[in-house]
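Numbering (my numbering), first residue to last: -4 to 308.
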């Protein structure tokens, strides 16, 4: 494979699914719990060796006291971050993994917190959480209360190693395919290595100066972004002419209808083959359903896989 046919991924890969948000706490808890357990089981890879729901980090957490080493270098650390509702207000909780804290975390999911995260990381030479890491989260946006976002973000060392790259892609693709096919309705989903980890914005949102709260309410008619793997809503699929039209256009290696009415759009068989030429083909195919405006190049050191033009609509 030549250099022109093979890209190097950025340092972080992000999978996200946007769904209609359950109104009831029990349904929300069930949705979120399934996402946390299944994402960790499918995406952690070797990082998850030694992790199970009986993991108890109480002793090293107490010994650490918030500043010293968390444990022996090279060992696994797991922690939670979530908003806890107290007296009708939400306060931020950051704590280590233990069976008791896992129970409390699951209970709080019934209050539909704005942000709930579970992170796995290996400890570095100083005993501090470092690379590689995986963060799984379920979030809501005040500006889009009808949408819940299921997110998994992981360092890409597996994808950079030829010995593990194919298996890593297979696991991520199989996991996301199962997730979107098992949902009654999917508004948007993606796998991309150029999303903003801090803000949660897609590369396109970042380039256009948009926030998720601007785009999440519009997912029945407009995409938040485009990338190697994109899942669109039924309304977006209709605006694009349906599955036959997308297949005939040739921009995607795979176009598959989903049970909920949307479509699975995979640009290339291998994520490493998502070159500039393939980015251009995807952009042209999806232009009718992209937000208007010409994106501005990012000043970040990582590569954004965008066409810096306003879509022709």
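Cβ coordinates follow ideal geometry from the N, Cα and C atoms, glycine included.
Since this is a predicted model, take the numbers as computed values, not measurements.
| task | With a cut-off of 8 Å on the beta carbons, I'd call residue 171 and residue 10 a contact; round off their distance for me. | result | Indexing the chain shown from 1 puts residue 171 at position 176. Indexing the chain shown from 1 puts residue 10 at position 15. That belief holds up - the Cβ atoms of residue 171 and residue 10 are roughly 6 Å apart, short of 8 Å.
| query | Taking just the CA atoms, how far does residue 302 sit from residue 120? | reply | As a first step, residue 120 is located in the chain shown; it is residue number 125 there, counting from the start. As a first step, residue 302 is located in the chain shown; it is residue number 307 there, counting from the start. Note on geometry: alpha-carbon atoms of residue 120 and residue 302 lie some 41 Å from one another.
| task | Could you say which of 226, 242, 250, 220 lies nearest to residue 305 if we only look at CA atoms? | result | To locate residue 305, count along the chain shown from 1; it is residue 310. Ranking the options by Cα distance to residue 305, first place goes to 220.
| task | Going by CA-CA distance only, name the one from 106, 69, 37, 118 that's closest to residue 82. | result | The residue given as residue 82 occupies position 87 in the chain shown. Residue 106 is the option with its Cα nearest to residue 82.
| message | My parser needs the beta strand (DSSP E) runs of 3 or more residues fully inside the region 90 to 172; what are they? | response | 110 to 118, 124 to 136, 139 to 150
| According to DSSP, is residue 304 helix, strand or coil? | By 1-based counting over the chain shown, the position of residue 304 is 309. Note: residue 304 maps to coil in three-state DSSP.
| field | Option in 34, 36, 271, 139 with minimal Cα separation from residue 262 | value | Your numbering for residue 262 matches position 267 in the chain shown. Looking only at 34, 36, 271, 139, the smallest Cα-Cα distance to residue 262 is reached by 271.
| said: Measuring only the C-alpha atoms, how far is residue 109 from residue 64? | reply: Position 114 of the chain shown, counting from 1, holds the residue named residue 109. Position 69 of the chain shown, counting from 1, holds the residue named residue 64. The alpha-carbon atoms of residue 109 and residue 64 are separated by roughly 30 Å.
| query | Candidates 27, 147, 245: which alpha carbon is nearest residue 190's? | reply | Within the chain shown, residue 190 is the residue found at index 195, counting from 1. 147 is the residue among 27, 147, 245 whose C-alpha sits nearest the C-alpha of residue 190.
| Minimum length 4: unbroken alpha helix (DSSP H) runs contained in the region 250 to 297 | Qualifying alpha helix (DSSP H) stretches, in chain order: 271 to 281.
| field | Given 8 Å, three or more beta-carbon pairs between the region 165 to 180 and the region 274 to 287 | value | Short answer: they don't touch.
| message | So, under 8 Å CB-CB, residue 188 and residue 7 are touching, yes? Tell me the CB distance rounded to an integer number of Å. | response | As a working note, residue 188 is residue 193 in the chain shown. As a working note, residue 7 is residue 12 in the chain shown. Correct: roughly 7 Å between the Cβ atoms.
| query | What span of residues does the beta strand (DSSP E) with residue 31 cover, start to end? | reply | Sequence index remark: in the chain shown, residue 31 carries index 36 (1-based). For residue 31, there is no enclosing beta strand (DSSP E); the residue is found in the alpha helix (DSSP H) stretching over 20 to 38.
| request: Starting from the C-beta of residue 282, find all residues in its chain whose C-beta is less than 7 Å away, skip the five residues before and the five after it, and write them out in chain order. | output: The residue you call residue 282 lines up with position 287 of the chain shown. Contacts found: 306, 307, 308.
| task | Could you check the C-alpha separation between residue 50 and residue 113 for me, to the nearest Å? | result | Walking along the chain shown from the start, residue 50 turns up at place 55. Walking along the chain shown from the start, residue 113 turns up at place 118. For residue 50 and residue 113, the gap between their C-alpha atoms comes out near 13 Å.
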